[in-house]
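Just so we're aligned, residue 1157 is where the sequence shown starts under this note's numbering, counting upward by one.
Backbone N, C-alpha and C fix where the C-beta goes; we use that ideal spot for every residue, glycine too.
Structure first, then comments.
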Amino acid sequence: MTGRISLVGAGPGAADLLTLRALSCLQAADVVFYDRLIDPEVIAMAHPGAELIFVGKHVGAHTWPQERINDVIVAAALRGKHVVRLKSGDPGIFGRATEEMSAARAAGIPVELIPGVTAASAAAVSLGRALTERGETDHLVIATGTCKPGDPAPDWAALIRPGTVLALYMAVRAAGDMRAALLAAGVPSTLEVQAVSEAASPRERTVTTTLAQLPDAMRAGRISNPAILFLRWPKQAGAAQLLAAE
Ligand code: SAH
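Structural data, given as structure tokens:
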């Protein structure tokens, strides 16, 4: 009998940010394939008899190529297992979920997605503020600083304008290039930038700075991966203040 595959969002780290649906799925799993960013406390919530397999990868240094992950999860499901593929945050945000769902569907295996708390939500909480602020920012853009190898660099200036919060994933290394591109495009150097690393963990660190001070402020604040960068460009009064401060 064919098993099934659940692509489960584990949230940003803290075990109590797991959804009840994710928890019940973990407790029903025969085998759990998990990533590098998954907290050991979350993995410990799996069924005691479940097989636990690390398929972690590092940005730029893939120890487990995506195709191999696709193959092993499909193979386990074809052996009749209920496979949980545990991913950090929300599996549908920079989580390679499409590749794994396609592999499952191509093999005729039922597959489901279980959403999770994405890193940007947790990082906003670390800063004690909302992702969108009425009258200031009504446009939330989620983007990544690390594209597929061979892809052109992101068009940074196209991602932000007055009224925008830009939440950047995997952008620590790209911060210097992003700063240069935005300043060259005329984005105010006083634009507020906040960075949060390891949100929702005891190691969480935050930095509040300006575009001009990035990435020096990130170095001083010891912001390293995994981290979210927020660029906030408020509209109306906020934008006028930014320009006046230049
Ligand atoms: N699917 C995940 C994102 C995976 S991409 C989600 O929805 O959150 C990995 C990137 O997510 C990291 O490089 C970092 O930018 C971000 N990230 C994941 N966990 C994080 C955390 N606890 N704190 C800050 N950023 C995090």
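| Query | Result |
| --- | --- |
| Helix, strand or coil: how does DSSP classify Ser1353 here? | strand |
| Under the three-state reduction of DSSP, which class applies to Ala1299: helix, strand or coil? | strand |
| With C-beta atoms as the reference, is Ala1200 less than 8 Å away from Ser1357? | no |
| Apply the 10 Å Cβ neighbour rule to Lys1243 and answer buried if 16 or more other Cβ atoms are within range, or exposed otherwise. | buried |
| Tell me whether Ala1383 sits in a helix, a strand or coil according to DSSP, three-state version. | strand |
| Examine the Cβ distances between the stretch 1318-1326 and the stretch 1288-1299 and report whether three or more of them are shorter than 8 Å. | yes |
| Please identify the residue among Gly1245, His1295 and Leu1234 whose C-alpha is closest to the C-alpha of Ala1355. | Gly1245 |
| Within 10 angstroms of its Cβ, does Met1157 collect 16 or more other Cβ (buried), or is it exposed? | exposed |
| Can you tell me whether Asp1191 is buried or exposed, with buried defined as 16 or more other CB within 10 angstroms of its CB? | buried |
| Between Thr1364 and Thr1346, which are expected to be in contact by the criterion C-beta below 8 Å, what is the C-beta distance as a whole number of angstroms? | At roughly 12 Å, the Cβ-Cβ gap does not stay under 8 Å, so Thr1364 and Thr1346 are not in contact. |
| Can Asp1307 be considered in contact with ligand 3, in the sense that its beta carbon sits closer than 7 Å to one or more heavy atoms? | Here the bound small molecules are ligand 1; ligand 3 is not part of this structure. |
| For Thr1365, which residues does DSSP report across the bridge? | Val1349 |
| Our contact map puts Gly1159 next to Gly1236 with C-beta atoms below 8 Å; I'd like the distance itself, whole angstroms only. | 5 Å |
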